[in-house]
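This note's numbering numbers the first residue of the sequence shown as 106 and each following residue consecutively. For every residue, glycine included, the Cβ atom is placed at its ideal position computed from N, Cα and C. All values reported here derive from a predicted model rather than from experimental measurement. Single-structure report; data block below.
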Amino acid sequence: MKQSELFTKTTKDTPKDETSFNAQVLIRGGFVDKVAAGIYSFLPLGHRVHEKIKNIIREEMDRIGGQEIFMPALTPKDVWEATGRWENFDVLFKLAGADKKEYALGATHEEIVTPLVKKHVFSYKDLPTFVYQIQTKFRNELRAKAGLMRGREFSMKDLYSFHASVEDLGEYYKLAQKAYFKIFERCGLLDLTYLTFASGGAFSKYSHEFQTISENGEDLIHICKDCNIAVNKEIIEEQKVCPNCKNKKLKEEKAIEVGNIFKLGNRFSKDVGFEYTDENGENKDVVMGCYGIGPSRVMGTIVEVHHDDRGIIWPDEIAPYKVHMISIKKNEEAEKIYNNLRENNIEVLFDDREEAGAGEKFADADLIGCPIRVVVSEKTLKNNSVEIKRRDSEDAELVGIDEVVGKISNF
Ligand SMILES: [Zn+2]
Numbered sequence: 106m107k108q109s110e111l112f113t114k115t116t117k118d119t120p121k122d123e124t125s126f127n128a129q130v131l132i133r134g135g136f137v138d139k140v141a142a143g144i145y146s147f148l149p150l151g152h153r154v155h156e157k158i159k160n161i162i163r164e165e166m167d168r169i170g171g172q173e174i175f176m177p178a179l180t181p182k183d184v185w186e187a188t189g190r191w192e193n194f195d196v197l198f199k200l201a202g203a204d205k206k207e208y209a210l211g212a213t214h215e216e217i218v219t220p221l222v223k224k225h226v227f228s229y230k231d232l233p234t235f236v237y238q239i240q241t242k243f244r245n246e247l248r249a250k251a252g253l254m255r256g257r258e259f260s261m262k263d264l265y266s267f268h269a270s271v272e273d274l275g276e277y278y279k280l281a282q283k284a285y286f287k288i289f290e291r292c293g294l295l296d297l298t299y300l301t302f303a304s305g306g307a308f309s310k311y312s313h314e315f316q317t318i319s320e321n322g323e324d325l326i327h328i329c330k331d332c333n334i335a336v337n338k339e340i341i342e343e344q345k346v347c348p349n350c351k352n353k354k355l356k357e358e359k360a361i362e363v364g365n366i367f368k369l370g371n372r373f374s375k376d377v378g379f380e381y382t383d384e385n386g387e388n389k390d391v392v393m394g395c396y397g398i399g400p401s402r403v404m405g406t407i408v409e410v411h412h413d414d415r416g417i418i419w420p421d422e423i424a425p426y427k428v429h430m431i432s433i434k435k436n437e438e439a440e441k442i443y444n445n446l447r448e449n450n451i452e453v454l455f456d457d458r459e460e461a462g463a464g465e466k467f468a469d470a471d472l473i474g475c476p477i478r479v480v481v482s483e484k485t486l487k488n489n490s491v492e493i494k495r496r497d498s499e500d501a502e503l504v505g506i507d508e509v510v511g512k513i514s515n516f
């Protein structure tokens, strides 16, 4: 992509009505545009990052047997009444249709997915089964001030698992935890993210959140260094020890909730009469679990924890482009290098703008935060080379033009 053709521009001005760091820097870099509090458009650079995060999640859900579907965002009132959540779901976005019927914009999809899977699953032979979607969700939040971390409209992957037994759910629950940590590893959040014990509801003692330590986090967690797990605020109020080892020395940290998983048991299957026939021909309730992770919130979290005072430092796998190439002055050689990188399937944003000065180009590269910066100047070309620097390092090196592709591929 040539930066001269990119319709978005960066800006030095911090948006006045935006108090969250992630949204400020994402708006300045031209990744997102704020439409209203908690509502954002994703622009070309931001859309690429968002899609990459979704694809990582998709790959890891497919790996644990997930089958992708796509359910509607607009959902009728009666399905919510069947589970008692039309009145009890505090942030449900409700609206009236022209047909005088009421609807909710989906905040979660148990009400849709449970009757759906019931139409196809009848016997123990059909279980377990796992379905998920990556979809836009809505929450009628009173306040939405945390940028992409708490939207009124946001993206969500929600997987639902259906089992013949509590034991089978327990095994899958552990498998899902591993898949989540694989996602956080690929998104550059592994070292800061803790499996966090939260209250479980009627069916199990605990549910689990995935909390990423961040100074701008809205949650407080208490970390047990011995077990490498954490407990959230409501659990700490009930019991002041680690649920694993009873350790009392827990460290308090601010954190962002990037995912959560929940054993639902028969909470929803009972409401819609979802039973299966077991080996002995007896009818039993289907046992369920649900597993959420928000790609847009993950994106905001990555910005909160991977930046310096010049801008974002994207982890390699989710950067909008792997390489940000800068030519100080327009020249044919830079064009050739750009084409060569693209022919070798290296994603590159090429700052070919003629009106921008070197300082402005360097500042933009730091703000946008691609992992590798390549500079082509008269000086480097005299040595038949380019200058290569990682965004997360201060050390630049000269690399021969013939070696650029190999060097970048191995970075
Ligand atoms: Zn512990």
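Under three-state DSSP, which class holds residue i?
i, result
"A501", "strand"
"H411", "coil"
"T119", "coil"
"M404", "helix"
"Y311", "strand"
"M261", "strand"
"S125", "coil"
"F467", "helix"
"S109", "coil"
"G256", "coil"
"L247", "coil"
"A439", "helix"
"D390", "strand"
"N515", "helix"
"K351", "coil"
"T234", "strand"
"R133", "helix"
"Y381", "strand"
"T213", "coil"
"Y426", "coil"
"I506", "helix"
When the distance is taken between beta carbons, is residue j closer than 9 Å to residue i?
i, j, result
"E145", "L294", "Per the sequence shown, the amino acid found at residue 145 is Tyr instead of Glu. For Y145 and L294, no; Cβs fall outside 9 Å."
"V226", "M176", "no"
"E339", "A303", "yes"
"K427", "I451", "yes"
"M404", "I162", "no"
"A461", "D469", "yes"
"E173", "R190", "no"
"K389", "D383", "yes"
"K262", "P400", "yes"
"H456", "S432", "Correcting the residue identity first, residue 456 is Asp in this sequence and not His. Against a cut-off of 9 Å, the Cβ pair of S432 and D456 comes out as a contact."
"F315", "Y277", "no"
"T301", "I361", "no"
"D497", "I418", "yes"
"N127", "V363", "no"
Report the partner residues of residue i according to the DSSP bridge assignment.
i, result
"N337", "I326"
"A360", "I318, D324"
"F373", "Note: F373 sits in no beta bridge, so no partner."
"S432", "V481"
"A201", "E207"
"R495", "I477"
For ligand 2, is there a heavy atom less than 8 Å away from the beta-carbon of residue i?
i, result
"Y311", "As presented, the structure is devoid of ligand 2, carrying ligand 1 as its sole ligands."
Inset, instruction - Closer than 6 Å is what we want: which residues have a beta carbon that near any heavy atom of ligand 1? List them in chain order. - result: Checking every Cβ against the heavy atoms of ligand 1 under 6 Å gives C329, D331, C332, C347, N349, C350, N352.
Inset, instruction - With a floor of 3 residues, list each beta strand (DSSP E) that falls wholly inside the region 136-190, ordered by position along the chain. - result: Here the runs fully enclosed are 137-141, 144-147, 179-181.
Inset, instruction - Scan the region 263-307 and note each continuous beta strand (DSSP E) run of 3 residues or more that stays entirely inside, going in chain order. - result: Complete beta strand (DSSP E) runs here, min 3: 298-304.
Legend entry - Segments of 3+ residues assigned as beta strand (DSSP E) that fall wholly inside the region 445-493: Fully enclosed beta strand (DSSP E) runs of no fewer than 3 residues occupy 453-456, 477-481 of the region 445-493, in order along the chain.
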